[in-house]
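Numbering (our numbering), first residue to last: 4 to 313.
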């Protein structure tokens, strides 16, 4: 009898170890040479060894052989779910930044704000930055061709691919959404923070930026900790009442078109609610998606193992 061993890992769980009786049977008695192909499985914590023994007179035998570390408890094979891909949208000052911080902290997603990418270009004085500033000062959307490639390049970087991404405030128009669709960039969930306009204007006009730390304050709701910080706070050029009204008008004109692109993955949240309550709703939705991803990946892994062994 000849044995073929493949080592991989699993996570400890309160389930019994698979036995030969519960394993899929193999009816095709092929020669041992047909079993030479190896498949690698994603590692986790507790190692064990899958051995396939083959005798030319009998069909293949499958057995699980736990390592010493795994013999003290039951094990179950698992894979890491595909990372989350999330878009979050809302009018200016709807609370996207705050919710992004909470999402990033719990789920480890890479936070990508299209507005920050644009402001970085403006601050660097690049040609794209100069063009973008002209549109932003008029309360107009920056053309897709200026932004979409910056967003694409950031989403394709290794950290975003490995950890998953949280795209903040983009896309804002049908053309931007279409450009991402053409690049096959699509979210698992499109979160929309819905909030009243009066509250939005108040939030924007009182917002201030600390140029040293990058932290956002609000003169009423989240004032600076001390006078030293207060003295250096600045107001973003597009955070005046006049410009925010232009931005809100543009937002309302375009948001319905964007939503039509993502109508099957939209998740609306009442942004007027307290921060903690808003996050509770978002957290439930994201947890549900992860559970579904894990279920699908586990089913795919089981199907793949059955096909590989038989």
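A virtual CB, placed ideally from N, CA and C, is assigned to each residue, including glycine. All values reported here derive from a predicted model rather than from experimental measurement.
Next item on the list: Give a yes or no on whether the C-beta atoms belonging to residue 257 and residue 134 are separated by under 8 Å.
Entry: No; because the gap between Cβ atoms is not below 8 Å, this pair is not in contact.
Notebook entry, point to check: Which same chain residues, not among the five before or five after residue 156, have their C-beta less than 6 Å away from its C-beta?
Noted result: Within the same chain, residue 156 has no close Cβ partners at all.
Note to self: Based on DSSP bridge pairs, tell me the residues matched to residue 272.
What the structure shows: 196
Next item on the list: Please name the residue, chosen from 112, 132, 113, 128, that lies closest to residue 121 on a Cα-to-Cα basis.
Entry: 132
Item checked: Residue range of the alpha helix (DSSP H) that includes residue 210 -> Looking at the DSSP string, residue 210 is not in any alpha helix (DSSP H); the run it does join, the beta strand (DSSP E), is 210–212.
Margin query: Considering just the uninterrupted stretch of the beta strand (DSSP E) at residue 188, what are its terminal residues?
Written below: No beta strand (DSSP E) holds residue 188; DSSP gives it neither H nor E.
Checklist line | Residues of its chain near residue 221, where Cβ-Cβ distance is below 8 Å and the 5 sequence neighbours each way are ignored | finding: Result list for residue 221: 206, 209, 210, 211, in chain order.
Note to self: Only counting the same chain, and skipping five residues up and downstream in sequence, which positions put a Cβ closer than 8 Å to that of residue 111?
What the structure shows: 166, 167
Notebook entry, point to check: Near residue 236, what residues of its chain come up, given a Cβ to Cβ distance below 7 Å and the 5 sequence neighbours on each side ignored?
Noted result: So the qualifying residues of the chain are 211, 212, 213, 220, 227.
Check: Is the distance from the Cβ of residue 97 to the Cβ of residue 147 below 8 Å?
Finding: no
Next item on the list: In the DSSP assignment, find the beta strand (DSSP E) that holds residue 96 and state where it starts and stops.
Entry: Unbroken run through residue 96: none, as it is neither H nor E.
Next item on the list: Thinking residue 190 and residue 265 are a contact (beta carbons under 8 Å), I'd like their distance in whole angstroms, please.
Entry: 7 Å
Next item on the list: Counting only the same chain and skipping the five closest in sequence on each side, list residues whose C-beta sits under 7 Å from that of residue 125.
Entry: 132, 135, 136
Check: Mind checking residue 240: buried by the 16 CB within 10 Å criterion, or exposed?
Finding: Answer is exposed; the Cβ neighbour count stays below 16.
Checklist line | Residue burial classification, residue 164 (beta-carbon count within 10 angstroms, cutoff 16) | finding: A residue is called buried once 16 or more other Cβ atoms fall within 10 Å of its Cβ, and residue 164, having fewer, is exposed.
Checklist line | Other residues of its chain near residue 272: CB distance less than 8 Å, five sequence neighbours each side excluded | finding: 194, 195, 196, 197, 281, 284, 285
Next item on the list: Kindly give me the distance between the Cβ atoms of residue 129 and residue 278, rounded to whole angstroms, as I take these residues to be in contact under 8 Å.
Entry: Going by Cβ atoms, the distance from residue 129 to residue 278 rounds to 35 Å, so no, they are not a contact pair.
Item checked: Neighbour-count burial assignment, residue 187, 16 or more Cβ in a 10 Å radius -> exposed
Next item on the list: Please state whether DSSP places residue 225 in a helix, a strand or coil.
Entry: strand
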